[in-house]
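Asker: Residue numbers for the sequence shown follow our numbering, beginning at -12 and rising by one. Where a beta carbon is used, it is the ideal one built from N, C-alpha and C, also for glycine. This is the structure, below, for whatever I ask next.
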Amino acid sequence: MSMGLSYTLITGASSGMGACCAKHFSQTQNLVLASENMEMLEKVRCECTRPEEHVLWHCDFANQRDQILPSLSTLLEEKSITIDKYVHFAGLTQVLPIKDFVIPYVDKVFNVNFFSIVEILRVLLKKHNKKALQSVVLISALVSQRGDAGNSIYAASKGAINALVYSLAKELAPNVRINAVMPGMVDTPMAQRVEESFRNHIWDKNPLGKGEPMDVINYVEFLLSDKARWITGQTAFVDGGQSL
Ligand SMILES: NC(=O)c1ccc[n+]([C@@H]2O[C@H](COP(=O)([O-])OP(=O)(O)OC[C@H]3O[C@@H](n4cnc5c(N)ncnc54)[C@H](OP(=O)(O)O)[C@@H]3O)[C@@H](O)[C@H]2O)c1
């Protein structure tokens, strides 16, 4: 493994858009791949270009929120690596009416979708990584601005991401740019858990049809790169026109 190089941190790298992003970015970047499911994460690493160059970070964001900071700090120190780009794909939802939610589950959704970001940024903005970090992209969701019956807790956790981005863009400039992407429905395991007829209905009436992971990842790649050097604090729909 190369020492002293900068890495891109991808959370949610075991599945869906995060896994697809890992495989795409591995052609050009060294990666830290994070998820709770180590078996799936190892499988994704094996499918990456130069698999031996990429580092796995195992952490359960839902149930081990207190462990995020120490475990990431230790990993970066032990491997002598810094993170210059960070994209947060980790996300959790369950469609339920608000009356049926129990607080421990609300906590889990917010831990994975929002609080883990805060803990990770606390590591990336401190000590030896502070000068390395350049660009952050957080995956929000269209429903954070358009609403979705039965998905209120998830939508609220994504709304928290948007608000975080607006303030941190000011707080962290000019050294770090931070943006969010709000995808519409994209064909991943998360979307495949939605009833098939509803999914097809959304895609059928969408101006640009069905969304694929690379439709989102191409935009994430642009935002993380120097081509977006004058873009910060934005929360952008990537949704084939679904928000119209
Ligand atoms: N697909 C869509 O239609 C859509 C639309 C808008 C926004 N999004 C957002 O896009 C992002 C990627 O979604 P996706 O569709 O690719 O979903 P996915 O296939 O279900 O992937 C979700 C990822 O989040 C990780 N994750 C879940 N619980 C975790 C935990 N406790 N600790 C650590 N990691 C955890 C999963 O890792 P494990 O394997 O460890 O569980 C997995 O890698 C999410 O933030 C989602 O909210 C998706």
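Using 8 Å as the cut-off, can you tell me whether the region 1 to 14 makes contact with the region 188 to 202, which would need three or more C-beta pairs spanning the two stretches below that distance?
Answerer: Counting Cβ pairs under 8 Å, three or more are found: they touch.
Asker: What's the call for Gly227, buried or exposed, on a 16-neighbour Cβ count within 10 Å?
Answerer: Result: buried.
Asker: Figure out for me which residue from Cys35, Val19, His11 and Phe224 has the closest Cα to the Cα of Val130.
Answerer: When only C-alpha atoms are compared, the closest one is Phe224.
Asker: Does the structure place the region 108 to 125 close enough to the region 35 to 45 that three or more beta carbon pairs sit under 8 Å?
Answerer: At 8 Å Cβ cutoff, the stretches do not touch.
Asker: Confirm the yes/no value for this check: CB of Phe185, any heavy atom of ligand 1, distance under 7 Å.
Answerer: For ligand 1, not one heavy atom lies less than 7 Å from the Cβ of Phe185.
Asker: Buried or exposed: Met(-10), going by 16 or more other Cβ atoms within 10 Å of its Cβ?
Answerer: Because the pLDDT of Met(-10) is 46, which lies under 50, any placement of that residue in the model is unreliable, and the question is left without a value.
Asker: Going by DSSP, which residues form a beta bridge with Asn166?
Answerer: BP columns for Asn166 point to Val124.
Asker: By a C-beta neighbour count over all protein chains shown, 10 Å radius and 16 as the cutoff for buried, is Ser67 buried or exposed?
Answerer: Exposed, since its Cβ has fewer than 16 Cβ neighbours within 10 Å.
Asker: Given this structure, state the Cα-to-Cα distance separating Asp87 from Ser127, to the nearest angstrom.
Answerer: Distance between the alpha carbons of Asp87 and Ser127: 24 Å.
Asker: Which residue from Ser184, Val124 and Met177 puts its Cα closest to that of Ile165?
Answerer: Of the candidates Ser184, Val124 and Met177, the one whose C-alpha sits nearest the C-alpha of Ile165 is Val124.
Asker: For Val31, count neighbouring C-beta atoms within 10 Å of its own C-beta (all shown protein chains included) and say buried if the count is 16 or more, exposed if not.
Answerer: The residue in question, Val31, is buried, as its Cβ has 16 or more Cβ neighbours within 10 Å.
Asker: Apply the 10 Å Cβ neighbour rule to Gly196 and answer buried if 16 or more other Cβ atoms are within range, or exposed otherwise.
Answerer: Under this definition Gly196 is an exposed residue.
Asker: Tell me which residue opens and which closes the beta strand (DSSP E) that Ser(-7) is part of.
Answerer: Per DSSP, Ser(-7) belongs to the beta strand (DSSP E) from Ser(-7) to Thr(-2).
Asker: Does DSSP put Leu211 in a helix, in a strand, or in coil?
Answerer: Helix at Leu211.
Asker: Have a look at Val152, Ser154, Phe101 and Leu120 and flag the residue whose alpha-carbon is nearest the alpha-carbon of Ala142.
Answerer: The candidate whose alpha carbon is nearest that of Ala142 is Phe101.
Asker: Check whether the region 180 to 192 touches the region 147 to 162, taking contact to mean three or more Cβ pairs, one atom from each stretch, closer than 8 Å.
Answerer: Because the criterion of three Cβ pairs below 8 Å is not met, the region 180 to 192 and the region 147 to 162 do not touch.
Asker: With distances taken between CB atoms, is the gap from Asp(-7) to Thr61 smaller than 8 Å?
Answerer: Inspection of the sequence shows that residue -7 is occupied by Ser rather than by Asp. For Ser(-7) and Thr61, no; Cβs fall outside 8 Å.
Asker: Would you kindly work out how many angstroms separate the C-alpha atoms of Ile20 and Asn138, rounded to a whole number?
Answerer: It should be pointed out that residue 20 corresponds to Leu in this sequence rather than to Ile. Cα to Cα, the separation comes out at about 28 Å.
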